[in-house]
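Numbering (this note's numbering), first residue to last: 642 to 922. Here a beta-carbon is modelled for each residue, glycine too, at the ideal position from N, C-alpha and C. Here is the structure we will look at.
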Ligand code: FAD
Ligand code: A2P
C-alpha cells in the first residue's frame, strides 16, 4: 500500500542479525491459562528498518527431528517504525506460547519458536531475519482514510504499531479496533488502546469468546461485534476511502465477510472487498 520504499529481507536466513533482548513482559494476566509475551529486541548496530504491518523472522537455536536447523518463524512487528523508544533502535513482537497435544501420541508438545521467544530474558541473543511483508501496510497518506482493524489473539500486534503511527501523525478520522480473545485476562495492550479512546472517533471493542455470550447463548466473535455496531459502522464501511484490516487466526475472514455482506447492499459489499487487507496464520 505504502508507496514509500520499504526495506525487505535486509537480513536473510543465511545471514541473520544477532540481536539482544531488551525486555520480556507477560501480557496475559496470571489467572489466564495462556501465556502471551511482549518481547522487545534491540536493533542497535544493525541496518534493520521496518514499517508497521511487516513481520520479523526469528531463528530458534538448535535442530529439528530431521537434524536440520530449525526453520525461521515469522512474527508481526508490534512496534511502531520508530521502535519502543522513538529512536528506531528496537522492535517488539507479541508472541503466544504454543502448547498443544501431539495428534498421534496425545502427549503435550511445545511449539519450538514461540517457546524460545517466550522464555527469552533480558540480554539473551536472538537471531532475526527480515523484515518481510509488502502488502499489509498503511497507505502512504495515513490520515486520508478511516480504518476498521479486526484482530483475534496476537493478530492485534500490527495494529498496535499502526495506531501509534496514526495518532502520532495527528489522525482525525474514524478508527475502530475490534479484538477477539478467549478470556478477559487475555486482552492484550488494553490500557494502551483505552488511552486512545480520548480521541472521539476511536473505538476499542472486545469480543471475549469464552465469557461474553450472544443473546442466543453462543460465543461472541469479532463478527458479532460488527453486527452489533452496524449503525455506526455502515457509514464508515461505505466510505470508499475506508480501509479494513483483518489479522489473526486463519479462517476468521469467512465469518467477517458473511457479516459484512449481511449489513451492506450487494454493490457496496463488492466494492468494499477491494479495500480489505488480510494477514492470517
Ligand atoms: P511449531 O514448533 O512450529 O509447532 C507448530 C505445531 O503446533 C503445529 O503442528 C501446529 O499444528 C501446532 N499448533 C500451533 N498452534 C496451535 C494451536 N493454537 N493449537 C493447537 N496446535 C497448534 N505468532 C504469534 O504468536 N504472534 C505473531 O504476531 C505472529 N505473527 C505471524 C505472522 C505471520 C505472517 C505468520 C505466517 C505467522 C505468525 N505467527 C505469529 C505464527 C508463528 O509464526 C508460529 O507459527 C507460531 O509461533 C508457532 O510456532 P512454534 O515454532 O511455536 O510452533
Ligand atoms: P474460541 O477459541 O473461544 O472459539 P487466541 O488466538 O488467543 O486463541 O484467540 C483467538 C480468538 O478468536 C478466540 O477468542 C477464538 O474463540 C476466536 N475465534 C475462533 N474461531 C473464530 C472464527 N471463526 N471467527 C472469529 N473468531 C474466532
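In this structure, residue 698 sits away from residue 789, with a CB-CB distance that is not shorter than 9 Å.
The Cβ atoms of residue 677 and residue 821 do not sit closer than 9 Å to each other.
Secondary structure at residue 786: coil, using DSSP grouped into helix, strand and coil. The C-beta distance from residue 701 to residue 753 rounds to 5 Å, short enough to fall under 8 Å. Contact between residue 893 and residue 875 is absent: CB atoms are separated by about 21 Å, not below the 8 Å threshold. For residue 751, the secondary structure class from DSSP, reduced to helix, strand or coil, is strand. Around the C-beta of residue 889, 16 or more other C-beta atoms lie within 10 Å, and the residue is accordingly described as buried. Residue 824 is positioned such that its CB atom lies no closer than 9 Å to that of residue 856. At a cut-off of 8 Å, the beta-carbon of residue 851 counts as near ligand 2: some heavy atom of the ligand is closer than that. The closest heavy atom of ligand 1 lies 8 Å or more from the beta carbon of residue 792. Counting only heavy atoms of ligand 1, the residues whose C-beta sits closer than 5 Å to one of them are, along the chain, 696, 714, 715, 716, 717, 736, 737, 739, 741, 752, 753, 754, 755, 795, 798 and 922. DSSP lists 704 as the bridge partner or partners of residue 710.
Closest in alpha carbon position to residue 767, among 808, 842 and 756, is 756. Rounded to whole angstroms, residue 710 and residue 656 show a C-alpha spacing of 14 Å.
An exposed status is given to residue 839, since fewer than 16 other beta-carbon atoms sit within 10 Å of its beta-carbon. When the beta-carbon positions are compared, residue 718 and residue 798 come within less than 9 Å of each other. The beta strand (DSSP E) runs of length 3 or more contained entirely in the stretch 843 to 901 are, from start to end of the chain, 843 to 849 and 884 to 889. Annotation for residue 749: 740 and 742 place their beta carbon closer than 7 Å to its own, counting only its chain and skipping 5 residues before and after. Taken from the Cβ of residue 898, every heavy atom of ligand 2 lies 8 Å or farther away. Rounded to whole angstroms, the Cβ separation of residue 665 and residue 731 is 13 Å, and the two are not in contact under 8 Å.
With respect to the 9 Å criterion, residue 848 and residue 878 are not classified as neighbours on the basis of their beta carbons. Between residue 715 and residue 773, the C-beta gap is smaller than 9 Å, which places the two residues in contact. At least one heavy atom of ligand 2 lies closer than 8 Å to the C-beta of residue 862.
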